[in-house]
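Chains as they are written, first to last, in the UniProt record's numbering: chain A, 1 to 363; chain B, 1 to 363. Please read the structure below before turning to the comments.
Listed below in structure tokens is the structure:
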């Protein structure tokens, strides 16, 4: 119950352990089509260029920036946590010029500040932000941010690593141009895969680049030849076949449950956890109006030893919860309720274990 | 029995299906140390910076080039197949200047031509080549090429995707500076992971770069913080936990068998396949002195329909063999004898199936 990887169901583990077939085997090609369709469902998009990048979420992030940013491009990044900062790193390393809207960790990105920057710099080409900040438990207002981007004629890049499958995300409805996620959060698949989707405006930008994408491995112009609809399935790199079996199974489970039902389950799980922890006197660090249900950031009670309690929880109760990152290190815990792990039994166990761990000295 | 992914043993599949733990869990940290030690054994190196990149071999290639090539650097690349060409792409995309020694596909890289280039261009900083060319079945003379590189004061980058575990490879003995491999060839692990190793001269170059590595995801300066010895295991990206369980198990199996024994098994398997196929009148496309035992490139007999026979083998005999790539498309088949798949039963089945498939019309 940390910030991810989340628990993986036996069903997904079993799927992953099926015999490895070739990445150009007709059986596998059919599976690729299925995965694409299921990802379109999960992202709520008809984008043909919707596929899993063969590497973790950080590589999905890099795929979006490396393909869309050209040297000299101005990119406005909203930073209110670790992953916004990582976006700035990506822009810079792609030769872009990063402008930043900063907000306090634990607060939402301020829409007015974003609009001010967009209107002051009409040459900004891309607006990038994190939908669900895993480092702080904050939901940024993706719908409004995308609207602003469109209004100022920018593309947008959205980090949906922790949001996909956990809270409402509507790629086509909100006009998202490029989005990446991770397999190991609310999809409860094994870590190592990053679903991405590129809309028509993004594809056009990629196809009309002036300079080649600096990464061969992540160049969507080449990857489209393997994952593209009706394509020749031209060999680009060897796909991580077994991890894609796992992704396929986890997406099937999401579809069986239903996207809206999955969002509701996360919200209900959060409410149960909220009640349990506040009854113990533990307070939530993020305002309710933009708090993530799947990533609960709570203040460490006074006098409690952060690391000792987390070690005790792991050793005695087989329970992992996450430490604070960056500015929040030592001040908060991050409790994940993601995907398969978001269920009553886990929440009861979590609350009971934390109750015991903070009431007794455990060093 | 294609050019990879090779067959994965049930033991490795079972290991992979163990419950996912966190990438910062103490249990997993111990496993990381084990993996590092086992990779050092497989590569024959004491390099502390020996670890698995969390993505396929193509990303391992990119990790080597992106970390070692700086804009403007001259890199000499030996090209005699697809993967040498891909190296050239990597050099260019890193802002380097690629010089090329070209040899015919199916022939070895000519050492004299390499030496001529190195001596004509004393400002070449890196010599890069493929040890085992998966596209042609050729073994390049890694030991001599590394010696030349050292003699002309260049770093070397070696593609060992198909060689690791299949033929002799001696990273420290040959003075290799940077090497990458793949999980899915002679290690018979699932695809998606790329073991790499960087020697002291390479690490020094990386630590003294003038410009940051253009890839955040593959920046070894950052990754060292997670995989480094005695480090803080600082979070960089979420490791592909289950795929690393699988890698660990496949490396254990290699160590149990013994590296030299594994090389011998591949050689013996090749000899058996050679006898079986030449008895059918099928000839081998690569000269014996530099032929790879683990990747057998054979000429398609006259009058035989390439695609139809491969489809027939897959549909009727559950046997995958590989098509020719690039210049060799339609002219050769590529038969893998890699890792777990390199065993008598498979070879008998392969020879018998090909015998039936080429003797009867199968369209």
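C-beta atoms are modelled at their ideal positions from N, C-alpha and C, and glycine is treated no differently. These numbers come from a predicted model, not from an experiment.
- Counting along the chain, the unbroken beta strand (DSSP E) around residue 74/A starts and ends at 74-79.
- The shortest CA-to-CA distance from residue 207/B to any of 199/B, 221/B and 196/B is the one to 221/B.
- By the CB criterion at 9 Å, residue 243/B and residue 192/A fall inside the cutoff.
- Put simply, the backbone Cα of residue 139/B is about 5 Å away from that of residue 132/B.
- Residue environment: residue 126/B is assigned as buried (16 or more neighbouring CB atoms within 10 Å of its CB, all protein chains considered).
- Among the residues of chain B, those whose CB is under 9 Å from the CB of residue 14/A are 17, following chain order.
- Contact holds between the segment 60-74 of chain B and the segment 141-159 of chain B, because three or more Cβ pairs, one in each stretch, are under 8 Å apart.
- For the segment 215-240 of chain A, the beta-carbon criterion of a distance under 9 Å to any beta-carbon of chain B is satisfied by 215, 216, 217, 218, 219, 235, 236, 237, 238, 239 and 240.
- Excluding the 5 residues flanking it on each side, residue 236/A has same chain C-beta neighbours closer than 8 Å at 222, 223, 225 and 226, in chain order.
- The C-beta separation of residue 166/B from residue 189/B comes to about 13 Å, leaving the pair out of contact by the 8 Å criterion.
- Around the beta carbon of residue 151/B, fewer than 16 other beta carbons lie within 10 angstroms, which makes this residue exposed.
- Within chain A, 19, 20 and 242 have C-beta atoms less than 8 Å from the C-beta of residue 8/B, given in sequence order.
- Contact between the segment 249-264 of chain B and the segment 166-179 of chain B is present, with at least three C-beta pairs closer than 8 Å.
- Nearest to residue 164/B by alpha-carbon distance, out of 18/B, 282/B and 293/B, is 293/B.
- By the rule that beta-carbons nearer than 9 Å mark a contact, residue 133/B does not touch chain A.
- Here DSSP, grouped into helix, strand and coil, assigns residue 334/A to strand.
- One thing to note: residue 350/A has its Cβ within 9 Å of the Cβ of residue 1/A.
- A distance of 9 Å or more separates the beta carbons of residue 354/A and residue 297/A.
- Between residue 79/B and residue 101/B, the CB-CB gap stays under 9 Å.
- Residue 346/A and residue 317/A have their C-alpha atoms some 11 Å from each other.
- At a cut-off of 9 Å, the C-beta of residue 84/B has no neighbouring C-beta in chain A.
- With 16 or more other Cβ atoms from the protein chains shown falling within 10 Å of its own Cβ, residue 15/A counts as buried.
- Shown here, residue 129/B sits in a strand according to DSSP, grouped into three states.
- Among the CB atoms of chain A, none fall inside 9 Å of the CB of residue 316/B.
- Minimum Cα-Cα distance from residue 30/A among the listed residues 248/A, 214/A and 11/A corresponds to 248/A.
- Chain B places a beta carbon closer than 9 Å to that of residue 190/A, counting this residue as a contact.
- In chain order, 3, 4, 81, 82, 83, 161, 162, 185, 295 and 334 place their CB closer than 8 Å to the CB of residue 134/B, counting only its own chain and leaving out the 5 sequence neighbours on each side.
- Within the DSSP secondary-structure output, residue 99/A pairs in a beta bridge with 76/A.
- Under DSSP, residue 52/B takes part in a beta bridge, and its partners are 195/B.
- Under the Cβ distance rule, residue 295/B does not count among the residues neighbouring chain A, no pair being separated by less than 9 Å.
- Closest by C-alpha distance to residue 327/A, out of 26/A, 42/A and 105/A, is 105/A.
- About 6 Å separates the beta carbons of residue 98/A and residue 75/A, which is inside the 8 Å limit, making them a contact pair.
- For residue 178/A, the enclosing beta strand (DSSP E) starts and ends at 178-180.
- Contact between residue 233/B and residue 24/B holds, since their C-beta atoms are separated by about 6 Å, short of 8 Å.
- Inside the segment 108-175 of chain B, DSSP marks whole alpha helix (DSSP H) runs of 4 or more residues at positions 111-120, 142-151 and 171-174, from first to last along the chain.
- Going by beta carbons, residue 128/B and residue 176/B fall outside the 9 Å limit.
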